[in-house]
Each structure stands twice: as C-alpha cells, then as structure tokens.
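Residue numbers (the UniProt record's numbering): 1 to 319.
For each residue, glycine too, the CB sits at the ideal point set by N, CA and C.
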Ligand code: COA
Ligand code: MG
C-alpha cells in the first residue's frame with residue numbers, strides 16, 4: 001500500500017529540556033518538529049526531558065506538522081526508557097521516532113519488536129514510524145541492510161558531525177558541506193557518504209534527510225549546503241535554529257516553474273501513451289516513463305507543501 005507522503009523539507013531539532021524553545025517550536029514553519037533527548041540534552045536532564053517530550057507531543061497546536069522525537073542511541077543506558085516512558089504515555093500522539101547512530105539493522109529490529117508490544121498493549125491502530133540516523137563508519141557500511149530492516153522505517157538521516165568524527169576527518173565545526181572553510185576539494189569528501197545514504201534510502205522507498213548546518217548565522221553557507229544535498233536526491237534538511245527554516249523550505253520546495261513543467265510532462269506522456277507511444281518531446285526534451293516518475297514526485301511534493309501551509313497556517317515559504 002502506498003504511504004501518504006509526509007512532507008519533510010525542514011526538520012527542526014529542539015532540545016527537549018529547553019521549555020521556551022519547545023513552546024516556540026510550535027509557532028515555526030518546520031514540517032517536522034523533532035524533540036531531542038540525545039546530544040543536546042545533558043545526562044542529568046534526560047529524565048526531565050522525557051516528561052517534556054510527553055507533554056509537548058500531547059499539546060495542541062501541531063496542526064500539519066510531523067510529531068517526532070529522538071531517543072538516545074542503543075549503546076546507552078537511556079534508550080529503552082526513552083522509548084517506553086514516552087510511547088506508553090504519548091504513543092497515540094506520536095508520528096515517528098528518530099534512532100541515532102544506527103550501526104546494525106538489529107537495533108532497528110529490536111525497537112520494532114518493542115513498539116509492536118507497546119502498540120498492542122495501548123490498542124494503537126496506527127503504527128509508529130522510525131527514522132534511522134547514519135552517522136558512523138559502521139552504519140554507513142551497512143546502510144543498505146539498515147534501510148530495509150523494518151517496514152516502520154520512513155527515512156534515513158545523515159549525521160554529518162558524528163560521521164566526520166567516526167572516520168577521522170579533520171573538522172572545525174559541524175557545518176560540513178557549505179562551510180566557507182570547506183574548500184571545493186574538501187567539500188568533495190561529502191559526496192560519497194551523502195550519495196551512498198541517499199541511494200540506500202531511495203532503493204528502500206525511504207526519504208533521505210540531510211544533517212543540520214551548524215553555523216546558524218551563515219545563510220549563504222546554509223543555502224550552499226541545501227543545494228548540494230538537494231542535487232543528490234535529498235528530500236529535506238535538519239535545522240537547529242528558527243532562522244534556518246525559510247532557506248531550507250525554499251530549497252526543498254519545487255519552484256512554480258518546476259511544477260508547471262512537471263504537469264506538462266505528465267499530461268504529454270499520458271497523451272502519448274493513449275496514442276500507443278512511449279516517448280514524447282516536451283519543451284524540446286525527451287520524456288519517457290522515467291521522467292514521468294520524477295515529474296510525479298515533484299507534483300506530489302508541491303501539493304503536500306501547499307496542503308501543509310494551509311493546514312498549519314504557516315507563513316508562506318515559496319511554494
Ligand atoms: N528550537 C526552537 N526555538 C529555538 C531553537 C530551536 N532549536 N533555537 C533557538 N530558538 C529560539 C530561542 O529560544 C530564541 O527565542 P526567543 O526569541 O523567544 O527568545 C530565538 O529562537 C532566537 O534564538 P537565539 O538567541 O538566536 O539563539 P540561542 O542562543 O538562544 O540558541 C543554540 C542558539 C544553537 C544554542 C540553539 O539554537 C539550539 O540549542 N539549537 C538546537 C541544538 C540541537 O538541537 N542540537 C542537536 C541536534 S544536532
Ligand atoms: Mg549525531
């Protein structure tokens with residue numbers, strides 16, 4: 001069965017222990033709000049932060065936004081409580097759980113089993129989704145297996161800072177591709193891991209999401225970074241600061257011209273098929289079944305973007 005498209009152009013990471021930020025998040029134009037229990041929350045705040053996640057998930061005001069939270073990774077003493085405490089209280093309100101630093105498909109399978117048990121106990125009919133974050137050399141090596149490890153998976157996320165550290169890349173920050181300091185040659189180092197993860201995600205029918213750009217006072221760098229992952233097939237990018245959302249939404253929303261061209265392609269191809277032909281020229285370029293699939297995705301994303309804006313009452317962001 002085809003899953004309805006979840007718009008994931010912008011994913012705002014919000015430290016769950018920061019009350020003010022959590023409140024503010026629901027007024028911002030992010031497609032996904034991701035309440036973080038992992039790296040932005042200090043160890044002695046983890047328990048308090050779980051309660052904050054439960055409260056925030058159950059609060060009103062989410063409108064069309066995707067409700068997500070990130071657990072700690074499966075090698076920590078926190079992950080199981082992050083799952084059980086939050087899902088048992090707020091399971092019915094939750095869309096998706098982000099699992100960080102996934103090294104092995106068994107981690108996703110274990111979480112899948114636990115969620116199934118909790119869903120049965122809670123009588124949930126809607127299955128909770130998962131996103132796996134690929135941010136280690138081991139995870140990247142096994143990304144193809146991870147991508148097909150559970151039907152709950154909806155997206156893979158590239159974790160740039162941890163990935164860079166795990167392979168020993170010299171780095172001054174967590175911004176990665178797009179950084180002014182990251183000279184052209186050095187920027188090439190991101191091509192392989194970004195493409196490898198995107199290929200695994202798309203082969204499994206999942207969305208591919210890019211890491212955040214750490215320097216939130218550098219919109220040009222952010223735009224360069226978005227353009228790079230967009231060109232490689234990514235569907236969206238994480239944000240760590242509200243000021244990043246408009247740039248991200250703009251880059252990951254198909255332009256009016258793209259949408260109009262895509263609609264012309266679909267219509268021309270349908271007319272060609274009715275004549276028994278499999279290829280046709282549109283605007284001087286060849287169109288066949290492959291171009292139609294691409295065009296259909298563009299139209300779907302644009303429609304979801306429009307629906308989201310209406311639903312959430314968000315301020316328009318170029319669609
Ligand atoms: N979510 C929601 N609100 C946020 C936010 C976020 N991620 N980051 C900042 N804000 C809010 C601030 O609370 C402030 O609100 P106000 O205008 O109501 O006072 C406003 O946006 C402007 O923030 P600013 O003063 O420019 O930044 P800051 O110094 O408060 O915070 C960071 C800067 C980097 C510490 C903060 O953005 C942050 O913690 N980001 C998330 C980090 C994270 O999630 N890391 C893990 C994922 S990799
Ligand atoms: Mg990380």
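Straight-line Cα distance separating residue j from residue i
i: residue 179; j: residue 228; result: 12 Å
i: residue 202; j: residue 208; result: 7 Å
i: residue 199; j: residue 158; result: 12 Å
i: residue 259; j: residue 236; result: 18 Å
i: residue 268; j: residue 300; result: 18 Å
i: residue 193; j: residue 225; result: 14 Å
i: residue 1; j: residue 151; result: Residue placement at residue 1 is poorly supported in this model, since its pLDDT is 45, which falls under 50; the coordinates still yield a value, given next. The straight-line gap from Cα to Cα measures roughly 12 Å.
i: residue 136; j: residue 102; result: 8 Å
i: residue 211; j: residue 204; result: 20 Å
i: residue 126; j: residue 99; result: 19 Å
i: residue 15; j: residue 82; result: 14 Å
i: residue 122; j: residue 88; result: 7 Å
i: residue 12; j: residue 34; result: 6 Å
i: residue 262; j: residue 294; result: 8 Å
i: residue 270; j: residue 145; result: 36 Å
i: residue 215; j: residue 239; result: 10 Å
i: residue 319; j: residue 44; result: Bear in mind that the predicted position of residue 319 carries a pLDDT of just 32, short of 50, making it unreliable; the figure below should be weighed with that in mind. Each residue's alpha carbon lies about 42 Å from the other.
i: residue 108; j: residue 132; result: 8 Å
i: residue 162; j: residue 168; result: 10 Å
i: residue 309; j: residue 219; result: 23 Å
i: residue 186; j: residue 165; result: 15 Å
i: residue 317; j: residue 213; result: Low per-residue confidence applies at residue 317: pLDDT is 39, beneath 50, and the placement is therefore not dependable, though the value from the model is reported in the following sentence. Cα to Cα, residue 317 sits roughly 19 Å from residue 213.
i: residue 306; j: residue 298; result: 12 Å
i: residue 73; j: residue 79; result: 6 Å
i: residue 28; j: residue 281; result: 42 Å
i: residue 111; j: residue 68; result: 15 Å
Any non-hydrogen atom of the ligand COA closer than 7 Å to residue i Cβ
i: residue 237; result: no
i: residue 83; result: no
i: residue 241; result: yes
i: residue 15; result: yes
i: residue 39; result: yes
i: residue 12; result: yes
i: residue 212; result: yes
i: residue 21; result: yes
i: residue 36; result: yes
i: residue 25; result: yes
i: residue 158; result: no
i: residue 216; result: yes
Rounded distance between the beta-carbons of residue j and residue i, thought under 8 Å
i: residue 97; j: residue 71; result: 6 Å
i: residue 206; j: residue 290; result: About 20 Å; that fails the 8 Å criterion.
i: residue 153; j: residue 195; result: Actually they do not touch by this definition, with Cβ atoms about 19 Å apart.
i: residue 149; j: residue 221; result: Rounded, the Cβ-Cβ distance is 34 Å, inconsistent with contact.
i: residue 95; j: residue 66; result: 5 Å
i: residue 279; j: residue 266; result: Actually they are not in contact, since the Cβ atoms of residue 279 and residue 266 sit about 14 Å apart, beyond 8 Å.
i: residue 75; j: residue 249; result: So it is not a contact: roughly 34 Å between Cβ atoms.
i: residue 142; j: residue 170; result: With a Cβ gap of about 25 Å, residue 142 and residue 170 do not count as contacting.
i: residue 50; j: residue 37; result: 7 Å
Residues bridged to residue i (per DSSP)
i: residue 114; result: Paired residues: none, contrary to the question.
i: residue 210; result: 237
i: residue 132; result: 99 and 156
i: residue 11; result: 32 and 238
i: residue 260; result: Beta-bridge pairing links residue 260 to no other residue.
i: residue 285; result: 282
i: residue 66; result: 32
Residue i beta carbon near the ligand MG (any heavy atom closer than 7 Å)
i: residue 42; result: no
i: residue 131; result: no
i: residue 68; result: no
i: residue 165; result: no
i: residue 47; result: no
i: residue 135; result: yes
i: residue 161; result: yes
i: residue 193; result: no
i: residue 254; result: no
**Study point:** contact_flag[the stretch 240-253, the stretch 273-287] where n(CB pairs < 8 Å) is 3 or more
**Key:** no
Review point. Would you call the stretch 117-127 and the stretch 49-66 touching, i.e. three or more CB-CB distances under 8 Å?
Key: no
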